[in-house]
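Encoded as structure tokens, the structure appears first; notes follow it.
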Amino acid sequence: HYHIYRKAIITLIIIGIIIGGIYGGRELSWKEIAADEVAVIVNNLTGGIKLINRAGAVLYYPFIQDIYVLDKREQVLKMTSAEIDEKHPQGNPLTVKSIDGGDVVLDLQIQYMLNPDYAVHVVQNTGVGDVFKQKWLYDYARTICYYCYGELTLDEFPIASKRDVKAQKARDEINKMLEPHGFLVTSINLSDY
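Counted the way the numbering used here counts, the sequence shown spans residues 35 to 227.
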């Protein structure tokens, strides 16, 4: 009887694998990853995380796995008076107190990139979507630019070379803080003051 039970169990396992493969193949989904994107696949059963840093189609099981796609091209974070929304009805410029006590309103554009090797770190520690822009880039960049540009006097603001020195200093400080989190600020552009 042992051989009959063994054959029945093996047959049931094979039938289960075939049915699971057919059902799984039906439930299988795919997502196309562009050349300027990076994907993070999280396995909800095992907790495993996989980084996909290449262009092409990625297959995954929608209920078993979650896929998060992040943009790795150079992007722009705008802090200008033209950025009017519900939270900022007057725009979103950076208001700086100069070293001699004057108020200066700056329209800044900060260009940054995500290091694709840190995509898993970003998803795990920051969350999905564009949460990292608010949590890391916006807060750090705004604070550091406030202090760096605040070292100028009102008479020094019209001198482009002095503003450029402060922009470079701010960029270096921001990168020192954000590189461990996978971001690189490539430039800080002062469009108006």
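Note that beta-carbon positions come from the ideal geometry of N, C-alpha and C, so glycine has one too.
Query                                                                                                                   : Result
Residue(s) in a DSSP beta bridge with Asn226                                                                            : The amino acid occupying residue 226 in the given sequence is Asp; Asn does not appear at that position. Asp141, per the DSSP bridge assignment.
Per-residue DSSP class, three states only, for Asp70                                                                    : coil
Whole-number beta carbon distance between His215 and Tyr152, since they are thought to touch under 8 angstroms          : 7 angstroms
Contact set for Val76: own chain, Cβ-Cβ below 6 angstroms, skip 5 residues either direction                             : Ile83, Asp100
Environment of Asn126 [buried if 16+ CB atoms lie within 10 Å]                                                          : buried
Validate contact between the region 125-142 and the region 184-201 using beta carbons, cut 8 angstroms, 3 pairs         : yes
C-beta atoms of Val74 and Val165 nearer than 7 angstroms                                                                : no
CB contact flag (Ile98, Leu85, <7 angstroms)                                                                            : no
Unbroken alpha helix (DSSP H) run spanning Val199, endpoints                                                            : 194-212
Beta-carbon separation (whole angstroms), Ile208 vs Val219, contact threshold 8 angstroms                               : 5 angstroms
Other residues of its chain near Arg107: CB distance less than 6 angstroms, five sequence neighbours each side excluded : Asp70
Rounded distance between the beta-carbons of Leu212 and Cys179, thought under 8 angstroms                               : 13 angstroms between Cβ atoms; not a contact.
Residue range of the alpha helix (DSSP H) that includes Ile178                                                          : 173-183
Identity of the residues DSSP links to Tyr95 by a beta bridge                                                           : Tyr95 is not bridged to any residue.
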